[in-house]
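Undergrad:
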Amino acid sequence: IAKGLSNNEAAGVLGLSRATVRTHLEHIYDKLDVTNRVEAVTEGLRKGLIEV
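Each number in my numbering corresponds to the 1-based position in the sequence shown with 52 added.
(1) Name the two residues that bound the continuous alpha helix (DSSP H) containing V65.
(2) Comparing alpha-carbon positions, which option in D85, V90 and H79 lies nearest L57?
(3) Taking the straight line between their C-alpha atoms, what separation do you get for K55 and G100?
(4) Answer yes or no: do V73 and N59 have a C-beta to C-beta separation smaller than 7 Å?
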């Protein structure tokens, strides 16, 4: 998501269904206590979980 991919694009790259990507994103949002992609990326960067 940090690369700006849509769920559909991420699904294609990862070889998963869109529903699976959506479910994983929901779990990520819950674990990071955020509500959207921008917040997830910001929090992931802040916590050192991702690099851009």
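Beta carbons: idealized from backbone N, C-alpha and C, even for Gly.
TA: According to the structure shown:
(1) N59 to L66
(2) V90
(3) 16 Å
(4) For the pair V73 and N59, the CB atoms are nearer than the 7 Å cut-off.
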